[in-house]
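Numbering (the numbering used here), first residue to last: 95 to 392.
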Amino acid sequence: MKSKCVLIFLVVVWLFNMGKGIGCESKVNAEMNIPLSTWVWDTKKWMLHQEAILEKLQEKKVTKVYLQIDTHFSFFVYKHFIEQAQVQGISVYALDGAPYWIGTSGIEKQDAFFNWIKAYQAEAEELQQFSGVHLDVEPYLYKSWGNNRAKSILQYQYVISQAVVQSRQLDLPLAVDIPFWFDEVPFKNSNGSGSLGRWVIQYADEVTIMGYRNHAGKENGIAEITENERKWGRVLSTPIEIGVETMSSDEGEYISFSAKGEEMMMQELDILLTECQAKNPPSSIAVHRFDSWLQMKP
95 MKSKCVLIFL
105 VVVWLFNMGK
115 GIGCESKVNA
125 EMNIPLSTWV
135 WDTKKWMLHQ
145 EAILEKLQEK
155 KVTKVYLQID
165 THFSFFVYKH
175 FIEQAQVQGI
185 SVYALDGAPY
195 WIGTSGIEKQ
205 DAFFNWIKAY
215 QAEAEELQQF
225 SGVHLDVEPY
235 LYKSWGNNRA
245 KSILQYQYVI
255 SQAVVQSRQL
265 DLPLAVDIPF
275 WFDEVPFKNS
285 NGSGSLGRWV
295 IQYADEVTIM
305 GYRNHAGKEN
315 GIAEITENER
325 KWGRVLSTPI
335 EIGVETMSSD
345 EGEYISFSAK
355 GEEMMMQELD
365 ILLTECQAKN
375 PPSSIAVHRF
385 DSWLQMKP
């Protein structure tokens with residue numbers, strides 16, 4: 095009788111461990127039931143190795159790429175990449191933005207960026223065109239944010255307002271990156287009053303919340319810190335994408351999945367989607383950034 099109980103116990107243990115292995119593998123390798131996006135900042139590196147990036151994007155099951163524009167490349171380089179990406183079901187957004195865009199020379203840079211897109215779109219065939227514009231401005235890193243917050247916010251709102259107009263003239267959706275804590279940044283100026291986060295969600299066509307935490311649930315997890323933005327997205331009919339970090343960070347070990355690896359990141363994202371399924375789920379997940387994502391341990 096004792097040997098029979100031992101045998102049953104061993105079988106149960108074996109099935110449990112087998113189940114754990116299958117579960118982990120499926121979360122990494124199987125398609126997630128939500129679109130995946132990623133930022134590509136190292137344009138020069140990847141545009142010179144287009145076949146390699148397209149292969150890697152397919153492996154990671156990415157459906158949207160935010161590609162920083164490097165005007166040193168000819169239109170032909172972008173045409174070839176975007177066409178091949180579109181054929182594989184991957185849309186490409188033109189990416190740019192910097193903290194100094196809220197400064198005195200920022201509008202010139204912004205205008206140059208949109209003028210480049212306008213010229214490119216006019217020359218490219220439909221399958222070669224960008225599918226949207228993606229801005230990552232991060233005004234809180236500009237020098238004036240600390241000593242003149244009100245002025246910085248007003249200038250940032252001007253940048254976003256101009257981008258809305260410029261994107262509509264191009265007939266392209268405007269996506270904007272904001273940190274999760276913008277919901278706690280108040281403003282009161284010629285644009286009205288309220289939360290800066292809600293203001294951006296109201297005016298942009300799509301918003302990516304940089305919910306940089308390496309755990310989804312519990313206190314201060316991704317689900318909790320993005321709760322307001324996801325709610326506003328539903329109310330304002332704005333798709334809300336949740337961004338996670340894979341670069342190492344000196345802001346704290348809880349910021350990035352860099353040390354935890356891809357398997358753990360996918361498990362946490364699965365928890366996130368489960369927790370948010372019944373209440374304001376995100377429209378997609380974005381992984382920052384593509385290079386560091388590829389360098390993660392399994």
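Glycine included, every Cβ here is placed at the ideal spot set by N, Cα and C.
The way I'd put it, the region 166-174 doesn't touch the region 229-242; fewer than three beta-carbon pairs between them come closer than 8 angstroms.
Between residue 204 and residue 253, the C-beta spacing is below 9 angstroms.
Judged by their CB atoms, residue 272 and residue 303 are nearer to each other than the 9 angstroms cut-off. For residue 219, the secondary structure class from DSSP, reduced to helix, strand or coil, is coil. CA-CA distance, residue 181 to residue 285, rounds to 42 angstroms. With contacts defined as CB atoms closer than 9 angstroms, residue 133 and residue 162 qualify as a contacting pair. Around the beta-carbon of residue 308, 16 or more other beta-carbon atoms lie within 10 Å, marking it buried.
Beta-carbon to beta-carbon, residue 248 and residue 283 are separated by about 5 angstroms, close enough to satisfy the 8 angstroms threshold. Here residue 143 is exposed, its C-beta having fewer than 16 other C-beta atoms within 10 Å. With respect to residue 366, residue 150 sits apart: the two C-beta atoms are not nearer than 9 angstroms.
Counting only runs of 4+ residues, the alpha helix (DSSP H) found wholly inside the region 287-363 occupies 290-297, 316-319 and 321-330, in chain order. Residue 230: not part of any alpha helix (DSSP H); DSSP gives it neither H nor E. When DSSP states are grouped into helix, strand and coil, residue 211 belongs to the helix group. Residue 133 carries a strand assignment under DSSP once its states are collapsed to helix, strand and coil.
When the alpha-carbon of residue 229 is set against those of 280, 263, 362 and 257, the nearest one is in 257. Counting only residues of its own chain and dropping the five nearest sequence neighbours on each side, residue 216 has no CB closer than 7 angstroms to any other CB. Excluding its 5 nearest sequence neighbours in each direction, residue 160 has C-beta neighbours in its own chain below 6 angstroms: 133, 187, 189 and 228, listed in chain order. Rounded to whole angstroms, the separation of the alpha carbons of residue 165 and residue 146 is 21 angstroms. In this structure, residue 381 lies away from residue 139, with their beta-carbon atoms at least 9 angstroms apart. Under a 10 Å Cβ-count criterion, residue 320 is classified as buried, with 16 or more other Cβ atoms of the shown protein chains found around its own Cβ.
In the three-state DSSP reduction, residue 375 falls in the coil class, being neither helix nor strand.
With distances taken between CA atoms, residue 269 lies nearest to 377 out of 127, 353 and 377. Contact check for residue 352 against residue 341 passes: the beta carbons are separated by less than 9 angstroms.
Linking residue 156 to residue 293 through their CA atoms gives a straight-line distance of about 29 angstroms. Within the model, the alpha-carbon separation for residue 198 versus residue 250 is close to 12 angstroms. In the DSSP assignment, residue 160 falls within the beta strand (DSSP E) that extends over 158-162. Bridge partners of residue 273 according to DSSP: 304. Residue 314 and residue 177 have their alpha carbons spaced roughly 41 angstroms apart. Listed in chain order, the non-local C-beta contacts of residue 211 below 8 angstroms within the same chain comprise 163, 188, 224, 227, 264 and 266, local neighbours out to five positions each way being set aside.
Between the alpha carbons of residue 300 and residue 179 lies a gap of roughly 21 angstroms.
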